[in-house]
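Notes for the one structure printed next.
There are 2 protein chains.
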Amino acid sequence: MDELGSAAPAGGNGAIPRPRLEDVAARVGLSTASVSLVLRGVPGPSERTRQRVLKAAAELGYRPDRTASALASRRSRLLGVMVAIHSPFHAELVEHLHTAAEEVGYDLVLSALTPNRDENTAVETLLAFRCEALILLGPLAPASVLADLDRRAPVISVGRRITGAELDAVRTADDDGVGQIVDHLVGLGHRTIAYVDGGKGVIATDRRRGYRSAMRRHGLDEQIGILHGDITEEAGEKAGRHFLDDGELPTAVVAYNDQSAIGLLTAFRRAGIDVPGTISVAGYDDNTLSRLAAFDLTTVSQNAEEQARQAVTAAVERLDQGRTTPREIVLAPSLVIRGTTARPR
Amino acid sequence: MDELGSAAPAGGNGAIPRPRLEDVAARVGLSTASVSLVLRGVPGPSERTRQRVLKAAAELGYRPDRTASALASRRSRLLGVMVAIHSPFHAELVEHLHTAAEEVGYDLVLSALTPNRDENTAVETLLAFRCEALILLGPLAPASVLADLDRRAPVISVGRRITGAELDAVRTADDDGVGQIVDHLVGLGHRTIAYVDGGKGVIATDRRRGYRSAMRRHGLDEQIGILHGDITEEAGEKAGRHFLDDGELPTAVVAYNDQSAIGLLTAFRRAGIDVPGTISVAGYDDNTLSRLAAFDLTTVSQNAEEQARQAVTAAVERLDQGRTTPREIVLAPSLVIRGTTARPR
DNA sequence: CTCCCTGATTAAAGCGCTTTAAGCCCTGGT
DNA sequence: ACCAGGGCTTAAAGCGCTTTAATCAGGGAG
Chain U
1 MDELGSAAPA
11 GGNGAIPRPR
21 LEDVAARVGL
31 STASVSLVLR
41 GVPGPSERTR
51 QRVLKAAAEL
61 GYRPDRTASA
71 LASRRSRLLG
81 VMVAIHSPFH
91 AELVEHLHTA
101 AEEVGYDLVL
111 SALTPNRDEN
121 TAVETLLAFR
131 CEALILLGPL
141 APASVLADLD
151 RRAPVISVGR
161 RITGAELDAV
171 RTADDDGVGQ
181 IVDHLVGLGH
191 RTIAYVDGGK
201 GVIATDRRRG
211 YRSAMRRHGL
221 DEQIGILHGD
231 ITEEAGEKAG
241 RHFLDDGELP
251 TAVVAYNDQS
261 AIGLLTAFRR
271 AGIDVPGTIS
281 VAGYDDNTLS
291 RLAAFDLTTV
301 SQNAEEQARQ
311 AVTAAVERLD
321 QGRTTPREIV
331 LAPSLVIRGT
341 TARPR
Chain C
1 MDELGSAAPA
11 GGNGAIPRPR
21 LEDVAARVGL
31 STASVSLVLR
41 GVPGPSERTR
51 QRVLKAAAEL
61 GYRPDRTASA
71 LASRRSRLLG
81 VMVAIHSPFH
91 AELVEHLHTA
101 AEEVGYDLVL
111 SALTPNRDEN
121 TAVETLLAFR
131 CEALILLGPL
141 APASVLADLD
151 RRAPVISVGR
161 RITGAELDAV
171 RTADDDGVGQ
181 IVDHLVGLGH
191 RTIAYVDGGK
201 GVIATDRRRG
211 YRSAMRRHGL
221 DEQIGILHGD
231 ITEEAGEKAG
241 RHFLDDGELP
251 TAVVAYNDQS
261 AIGLLTAFRR
271 AGIDVPGTIS
281 VAGYDDNTLS
291 RLAAFDLTTV
301 SQNAEEQARQ
311 AVTAAVERLD
321 QGRTTPREIV
331 LAPSLVIRGT
341 TARPR
């Protein structure tokens, strides 16, 4: 196919330069201006011209040079996404961000967060690429830093509540999510429902609050029991062993997240305690692990797709529709009932 | 801090433009040429000039515009990485690619592969960003397509063996990896060692071959037993049930990958069969799951860090050192012994 | 015929950088 | 006193595109 000498430069070194707008223009005997208009689908050029240009471009294998057009148009049409590359949940968000962005004519630049690459580097990279807006997945930086950043480019925080800063934020109602779990368990007949905490972050605070108020709502104030924990599997395991040592098992345990819940499951199973026969366990996040048949964990889904969609919408509103007052979009999480919760006894 | 009006543009709409090279130059009364030289660390400018420029740039919060410099220098210093965003192994590779690239003065552009975003789009995006080389993680495209691509920009395939095409490839010796597992099991005293296959891909073929030849090497030709399977957890579970239905359990099972091995574990545990007491199980990949205490799976590590490093090196060799003949770099995988393998009986 | 549109096309001026060749100013040799 | 040479600095020409204002060819109206 494509037998024209037009084809391709060498990957080696003596590379033939890729075709430019000018080459396409020369081929059809038009100006680069016209070609540019056609290729961008701007109305103006006649139908005949349009066809000829399109044909020539295809024949030459022309691809616009993003860097050049970004420079000239002062618009990169790029959304920068900071992502913790190891997080399955972020992976899911990215997936949906891609499709949402494409629908509105934007492209994504991903900047990974790793043990050696902090939020600052990640963000500076995005800015260096001239991203027009920054979508930060689960940013940890203080609200004030994010606010400063927002002055350089619109910032949309995803998955984290921002307090005390005027910033766009998309998130799910974490307290509500935990509330749903508690409701579910109470509905099954549970009364002694313990909670394994997730530390001192904003999210952890919300979930803990959700647990507390749900318990109160059901008149189970007396049964409130919170164990220290964090975001890791180990924390869950430790909490599990704590329950076992204690002798007095609750009939259900809700964990801060899926990782922690899986730690609990591991501890219980190892001790020969049947889940959900003897004790019910629930997590939060609906991550890949929770879906494994080996765990089949009841959990709460954060609805990645909708969050992604809203984040892109927020960005577009600020970029193309001149919105300037910050917006907080809080979505309702949804309970995912699987095999680790059942009637007590 | 930073109380200069110099500070920051507005994230809203009436944004103050970011400082340009020219602004820095004006501030110190020099030409943009000099400032450019200083900022890039090119020798020439005097020490005094250097200091003044650096100071001014810092005061203005100047950040070079990648797009502009890429355009002007005809070098983007960008490596494009195609990554299956959902893969934990790829996440690890990306992490190390970042650090390796940074060491040689390159930056990464990630392009995600998702159910709705195929290899072609991913790659075209990278090219549109003017990436100088393409690092493809586990590409599925036919070798010929990759070879064509290589004509547009140097391609480095990671994790997959490329046959019949002149291309750079970095991978681990999959046959050797499985061989190591078999050796380990035989060393423990196992003789009936079954294998759950991974389908018909290049990698699956290599691993299967590794299993076969290792068994033969140990004079266990008679014991060779290969079950149909694929890359998923379900496949492992199915294989596990098959063993159970069959009645005749081998003393050890090696799975194509960790996912599949975890499926096996799930099936066995569910049936009340003790692992590794009654049967040993091993996977391949050393992914995040295998490390969970709940699984604690014996597996094979593909040494992400070294692969990443080699991939970047290969790219740099072609880009900056004019290497033009393709190179295949095959690394030795390493056995990771955990808790799912033990002496038989 | 002339004039004024209208629709199609394009010349030309950048976008924010890099890079090359030229320029300036000194110093030191003769 | 003159010139060569070295150390710094910079003017200016792009990089590959976009965009604005201007040009141009027709066509219908007057």
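Top to bottom, those sequences are chains U and C. Quick note: the first sequence uses this note's numbering, first residue 1, plus one each step. Quick note: the second sequence uses this note's numbering, first residue 1, plus one each step. Positions of the beta carbon are idealized from the N, C-alpha and C atoms, including for glycine. This structure is a prediction, so every number in the text was calculated from the model and none was measured.
- Around residue 75 of chain U, the same chain offers 132 as residues with beta carbons nearer than 8 Å, after the five sequence neighbours per side are excluded.
- Contiguous beta strand (DSSP E) elements confined to the stretch 127 to 198 of chain U occur at 133 to 137, 155 to 158, 168 to 172 and 193 to 196, taking only those with 3 or more residues.
- The residue from C/55, C/170 and C/125 with its alpha-carbon nearest to that of residue 314 of chain C is C/170.
- By alpha-carbon distance to residue 180 of chain C, the top candidate from C/117, C/80, C/214 and C/101 is C/214.
- Using a Cβ-Cβ cut-off of 8 Å, residue 338 of chain U does not count as an interface residue toward chain C, since no Cβ of chain C sits closer than that to its own.
- In the DSSP assignment, the residues bridged to residue 117 of chain U are U/114.
- The Cβ-Cβ distance between residue 264 of chain C and residue 255 of chain C falls below 8 Å.
- The way I'd put it, the stretch 52 to 65 of chain U does touch the stretch 25 to 43 of chain U; three or more beta-carbon pairs between them come closer than 8 Å.
- With a threshold of 8 Å between beta carbons, residue 129 of chain C makes contact with chain U.
- Collapsing the DSSP output to three states places residue 54 of chain U in a helix.
- Contact with chain U is absent for residue 303 of chain C, since none of that chain's Cβ atoms lies less than 8 Å from the residue's Cβ.
- In the DSSP assignment, residue 329 of chain C forms a beta bridge with C/170.
- Per the Cβ contact rule, the stretch 274 to 286 of chain U is not in contact with the stretch 302 to 314 of chain C (fewer than 3 Cβ pairs under 8 Å).
- Per DSSP, residue 205 of chain C is one residue of the alpha helix (DSSP H) stretching across 202 to 217.
- Across the set C/38, C/183 and C/298, the C-alpha of C/38 shows the shortest separation from the C-alpha of residue 51 of chain C.
- For residue 226 of chain C, the uninterrupted beta strand (DSSP E) segment begins and ends at 225 to 227.
- Residue environment: residue 112 of chain U is assigned as buried (16 or more neighbouring CB atoms within 10 Å of its CB, all protein chains considered).
- Residues of chain C whose Cβ lies closer than 7 Å to the Cβ of residue 116 of chain U are, in chain order, 99.
- Taking the Cβ atoms as the reference, residue 165 of chain C lies roughly 6 Å from residue 146 of chain C, within the contact range of under 8 Å.
- Within its own chain, the residues whose Cβ lies closer than 7 Å to the Cβ of residue 327 of chain U, once the five positions on either side in sequence are excluded, are 168 and 314, listed in chain order.
- For residue 233 of chain C, the number of other beta carbons within 10 angstroms of its own is at least 16, and it is reported as buried.
- Annotation for residue 46 of chain U: no alpha helix (DSSP H) segment contains it, and DSSP assigns it neither H nor E.
- For the 8 Å CB-CB criterion, residue 306 of chain U and residue 331 of chain U form a contact.
- In this structure, residue 192 of chain U places its C-beta atom within 8 Å of the C-beta atom of residue 223 of chain U.
- Under DSSP, residue 281 of chain C takes part in a beta bridge, and its partners are C/253.
- Per the DSSP secondary-structure output, residue 299 of chain C pairs in a beta bridge with C/336.
- Using beta-carbon distances, residue 292 of chain U counts as an interface residue toward chain C, with a partner under 8 Å.
- Under the Cβ distance rule, residue 265 of chain C counts among the residues neighbouring chain U, one pair being separated by less than 8 Å.
- Distance from the CA atom of residue 210 of chain C to the CA atom of residue 174 of chain C, rounded to whole angstroms, is 7 Å.
- Taking a Cβ-Cβ threshold of 7 Å, the residues of chain C close to residue 71 of chain U are 67, 68 and 71, in chain order.
- Taking the Cα of residue 272 of chain U as reference, the smallest distance to any Cα among U/241, U/88, U/84 and U/293 is reached at U/241.
- Here residue 30 of chain C carries a coil assignment [DSSP, helix/strand/coil].
- At a cut-off of 8 Å, the C-beta of residue 230 of chain U has no neighbouring C-beta in chain C.
- Annotation for residue 323 of chain U: 317 place their beta carbon closer than 6 Å to its own, counting only its chain and skipping 5 residues before and after.
- When C-alpha distances from residue 95 of chain C are compared across U/92, U/93, U/90 and U/84, the shortest belongs to U/84.
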